[in-house]
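Novice: What follows is a structure written as structure tokens; I'll ask about it next.
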Amino acid sequence: MNTIAVIEDDLYIGSMLQELLQENGYRVLRAYSGKEALALLSKEEPDLVILDLMLPDMSGEEVLPAAAARCPVMIVSAKADVGGKVKNLNAGAVDYITKPFDNGELLARIAVQLRRGDRAGMRIAAGDLVMDKKRHELTAAGKPVHLTKTEFAILRAFLENPTRVFSRSSLLEYIEAYVPDGEESSVGVHVSNIRKKLEEVAGRGYIETVWGIGFRLDPKIL
């Protein structure tokens, strides 16, 4: 069952969307403000976000980057100007539909985005390291490895950028969308813990220290 997060402060529209989506087999998460949305996305990984732009505490445009870093974002808004649509699509939204909308069209557009997400896949790999981002699962040499949320986000950064050397600060910035409360001073500890867990399972640490700069995925496994 796909999960859709509805970020909408209008109680009537939000409830109508929730009912429509649930009737069509989706699990629905709700947030009524920008801050609620960011808190929700720090704990959940929906398959799609439906985002209103006019929220009470912060604009949908401010929420969009963090949401788009985690999953496809479809904007559903009363704002109909072409310039605004183009701006938000360029900022990371995958679709933009204006209110009032036809329920059938909305459901069709949602289905299109979920199919695209399935085709894009949520699995990434380097050598015998295989990560399923959606299921939050990792295997090394075919064996499961259990990581904390922060450890998983850090290793995800390396797997998504297999040749990049990350400084502690750039690594923290990269994972901020997934772990918003991280601290630069703890990055080295997390990397060390990842190495230990991988060594226990597969006999190697997979992450290499680049002295004076930071860390990168061990080139030998690529």
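Numbered per the UniProt record's numbering, the sequence shown spans residues 1 to 222. Where is the CB? At the ideal position from N, CA and C, for every residue including glycine.
Could you check where the alpha helix (DSSP H) with R156 kicks off and where it finishes?
Specialist: Residues K149 to E160.
Novice: Do you know whose CA, among E105, D57, A67 and E23, lies nearest L40's CA?
Specialist: Closest in C-alpha terms to L40, from the list E105, D57, A67 and E23, comes A67.
Novice: In the DSSP assignment, what residue or residues form a beta bridge with S77?
Specialist: DSSP, once it has assigned bridges, lists T98 as partnering S77.
Novice: Below 8 angstroms, how does it come out for the segment 19-37 and the segment 88-95: are there three or more Cβ pairs, yes or no?
Specialist: With the cut-off at 8 angstroms, the segment 19-37 and the segment 88-95 do not touch.
Novice: At the level of alpha carbons, what is the spacing between R119 and D10?
Specialist: Residue placement at R119 is flagged as unreliable, the pLDDT there being 49, under the threshold of 50; the coordinate-derived value follows with that caveat. Distance between the alpha carbons of R119 and D10 is about 33 angstroms.
Novice: Can you check which of these residues, S15, L106, R27 and R156, is closest to T3 by C-alpha distance?
Specialist: R27
Novice: Quick check on DSSP: helix, strand or coil for R168?
Specialist: R168 carries a helical assignment under DSSP once its states are collapsed to helix, strand and coil.
Novice: Can we say the segment 134-143 touches the segment 165-173, given the rule of at least three CB pairs closer than 8 angstroms?
Specialist: Taking 8 angstroms as the limit for Cβ pairs, the verdict is that the segment 165-173 does not touch the segment 134-143.
Novice: Looking only at its chain, what residues have a beta carbon closer than 7 angstroms to the beta carbon of L64, apart from the 5 residues adjacent to it on each side?
Specialist: L51, V73, N88, A91, G92 and A93
Novice: Along the beta strand (DSSP E) that carries A140, what are the first and last residues, could you check?
Specialist: E137 to A140
Novice: Return yes when the Cβ of G182 is within less than 8 angstroms of the Cβ of T150, no when it is not.
Specialist: yes
Novice: Less than 8 angstroms separating the beta-carbons of C71 and L48?
Specialist: yes
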